[in-house]
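Undergrad: Chains as they are written, first to last, in the working numbering: chain A, 22 to 218; chain S, 22 to 218.
From the three backbone atoms N, C-alpha and C, an ideal C-beta is built for every residue, glycine too.
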DNA sequence: CTCATTTGAGAGCGATCGTTCAACTACTGG
DNA sequence: CCAGTAGTTGAACGATCGCTCTCAAATGAG
């Protein structure tokens, strides 16, 4: 009934997510966005509302693309701990795969925008609890299969893995030597497996 | 020989650090600083150079006040692991002691300003390696006293504790329930102590 | 007291911020 | 083919950004 769009909305959100991820929220200006997205300010504001709303869409997109569906991969059968390791290593790769280490959008956002932005806080909280819940499901499966002791406080161990993941994303931005990160992950998993009840 | 200052430089840097800590670098404007510090823009620029230089001073101040001298406390004699636990819990308290959880200035800064600011990166790197080295010294003492296995990869374990600390500071900003944080710390330390060589 | 020197105070600089708007263009239902 | 709707465009809005300049106030040295 009207003129069709010359851009794909999901594609624009994805590119906006990439920008916010590498440069942060405040540092990414509307000008940066319109240039990188090929969408002019007027269009951007009519379609998405404002910069903050676009940022929330980018956060949700990050959750869908990188967090949803990671829990199922932990439960595909076989030993779980190596899968958890692979997930953590995979996130390291994701954090450093650009020319400059960009870390994790959630950790970056928590550092920059919290406290003070309750909508963003809700979104960050949602992603973190999804990650933690994924780890918890994986650890429960690992406990059933005897990879870790059933005496372990599994929710606490899941929280610990989440902290390890996010802390790793902080450190990689300052010193992106992957070896130390990987050996730290290995030590954490080895330690978890060493607890005997 | 000239008119004396009406403010103490260290005091101003400390208050600037508090502001950057709770609000971040970009979000803290010169106007915010001059109002909170009681120092006018012209004075601020003549004394400190510019906003970025003041921020670097604030980072250095954070290092002096909160990181220097934490390693010695780990080595005062007696069991080390409880001291490490106390240090981690103490940092949790520090992160949430305001009305709003402000986390850790280093984690916040890494999230917001890196990559892209090499001077800030150097400062962050310095603080993180000081923390990691402190943990390493503590773990070596713990290994000597038999609290942990000497088969453990101690540098990797120190890196793991640093990641746990910084990850904890990310998560506390979104969900500042200290109980989960404490139990995660306990699980990590229990796990480390469970490794037997 | 005078002078040199540094401080504090107020106003305001250009640039960029997020945001909006009117005019123009392209498409579809009738 | 026309009317109407939605998309695109370029320009510009007020506000705020980091920062600077000018000038009066306050000191110690001579």
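Could you name the residues of the same chain whose beta carbon sits closer than 6 Å to that of residue 189(A), not counting the 5 residues immediately before and after it, in chain order?
TA: Correct list, in chain order: 202.
Undergrad: Which of helix, strand or coil does DSSP assign to residue 212(A)?
TA: Three-state DSSP puts residue 212(A) in a helix.
Undergrad: Would you mind working out which of 94(A), 200(A), 48(A) sits nearest residue 156(A), comparing C-alpha positions?
TA: Nearest C-alpha to residue 156(A): 94(A).
Undergrad: Whole angstroms is fine: what's the gap from residue 83(A)'s alpha carbon to residue 77(A)'s?
TA: Approximately 10 Å between the Cα atoms of the pair.
Undergrad: Hey, quick one: how far does the alpha helix (DSSP H) through residue 83(A) stretch, first residue to last?
TA: Segment 72 to 83, the alpha helix (DSSP H) holding residue 83(A).
Undergrad: Expressed to the nearest angstrom, what Euclidean distance is found between the alpha-carbon atoms of residue 207(A) and residue 181(S)?
TA: Using only the alpha carbons, I get a separation of about 9 Å.
Undergrad: Which residues mark the beginning and the end of the alpha helix (DSSP H) in which residue 157(S) is found?
TA: That run of the alpha helix (DSSP H) goes 139 to 165.
Undergrad: Tell me where the alpha helix (DSSP H) around residue 135(A) begins and ends.
TA: Looking at the DSSP string, residue 135(A) is not in any alpha helix (DSSP H), and its letter there is neither H nor E.
Undergrad: If you count every other CB in all the chains shown that lies within 10 Å of the CB of residue 215(S), and 16 or more means buried, which is it?
TA: With 16 or more other Cβ atoms within 10 Å, it is buried.
Undergrad: So, is residue 122(S) buried or exposed, given that buried needs 16 or more other C-beta atoms within 10 angstroms?
TA: The residue in question, residue 122(S), is buried, as its Cβ has 16 or more Cβ neighbours within 10 Å.
Undergrad: What residue from 179(A), 200(A), 183(A), 177(A) has the CA that sits closest to residue 174(S)'s CA?
TA: Residue 200(A) is the option with its Cα nearest to residue 174(S).
Undergrad: Let's test the definition: count the other Cβ atoms within 10 Å of the Cβ of residue 153(A) and tell me whether it reaches 16, buried, or not, exposed.
TA: It is buried - the Cβ of residue 153(A) has at least 16 other Cβ atoms within 10 Å.
Undergrad: Select from 161(A), 159(A), 165(A), 127(A) the residue whose C-alpha is nearest the C-alpha of residue 148(A).
TA: Ranking the options by Cα distance to residue 148(A), first place goes to 127(A).
Undergrad: If contact is defined by three or more beta carbon pairs under 8 Å, each pair taking one atom from either stretch, is the segment 156 to 170 of chain S in contact with the segment 94 to 106 of chain S?
TA: As far as the Cβ criterion goes, the segment 94 to 106 of chain S touches the segment 156 to 170 of chain S, which means the pair count is three or higher.
Undergrad: For residue 103(S) and chain A, any beta-carbon pair shorter than 8 Å?
TA: No, its Cβ sits nowhere closer than 8 Å to a Cβ of chain A.
Undergrad: How would you list, in chain order, the residues of chain S whose beta-carbon sits under 7 Å from the beta-carbon of residue 47(A)?
TA: In chain order: 47, 48.
Undergrad: Could you tell me which of 73(A), 186(A), 146(A) sits nearest to residue 125(A), measuring between CA atoms?
TA: Out of 73(A), 186(A), 146(A), 186(A) has the C-alpha closest to the C-alpha of residue 125(A).
Undergrad: Taking 8 Å as the threshold (C-beta atoms), are residue 171(S) and residue 164(S) in contact?
TA: Their beta carbons are under 8 Å apart, which means residue 164(S) touches residue 171(S) by this criterion.
Undergrad: Helix, strand or coil: which one does DSSP assign to residue 203(S)?
TA: Reduced to three states, the DSSP call for residue 203(S) is helix.
Undergrad: Distance, Cα to Cα, residue 43(S) vs residue 194(S)?
TA: Each residue's Cα considered, the two are about 10 Å apart.
Undergrad: Is the Cβ of residue 62(S) closer than 8 Å to any Cβ of chain A?
TA: By this cut-off, residue 62(S) is not an interface position.
Undergrad: With H, G and I counted as helix, E and B as strand and the rest as coil, what does DSSP make of residue 47(A)?
TA: In the structure shown, residue 47(A) sits in coil (DSSP, three-state: anything other than H, G, I, E or B).
Undergrad: Apply the 10 Å Cβ neighbour rule to residue 27(A) and answer buried if 16 or more other Cβ atoms are within range, or exposed otherwise.
TA: The residue in question, residue 27(A), is exposed, as its Cβ has fewer than 16 Cβ neighbours within 10 Å.
Undergrad: Just to confirm my understanding: we take residue 37(A), look at its own chain, exclude 5 residues before and 5 after, and list those with CB closer than 7 Å. What are they?
TA: Taken in chain order, the residues that qualify are 54, 58, 75, 79.
Undergrad: Is there at least one Cβ from chain A nearer than 8 Å to residue 121(S)'s Cβ?
TA: Yes, residue 121(S) counts as interfacial toward chain A.
Undergrad: Using a 10 Å radius around the Cβ and a threshold of 16 neighbouring Cβ atoms, would you call residue 49(A) buried or exposed?
TA: So residue 49(A) ends up on the buried side.
Undergrad: Quick one: Cα of residue 142(A) to Cα of residue 129(S), how far?
TA: Near 14 Å, if we compare the C-alpha coordinates of residue 129(S) and residue 142(A).
Undergrad: Does the distance from the CB of residue 45(S) to the CB of residue 133(S) come in under 8 Å?
TA: Taking 8 Å as the Cβ cut-off, residue 45(S) and residue 133(S) qualify as a contacting pair.
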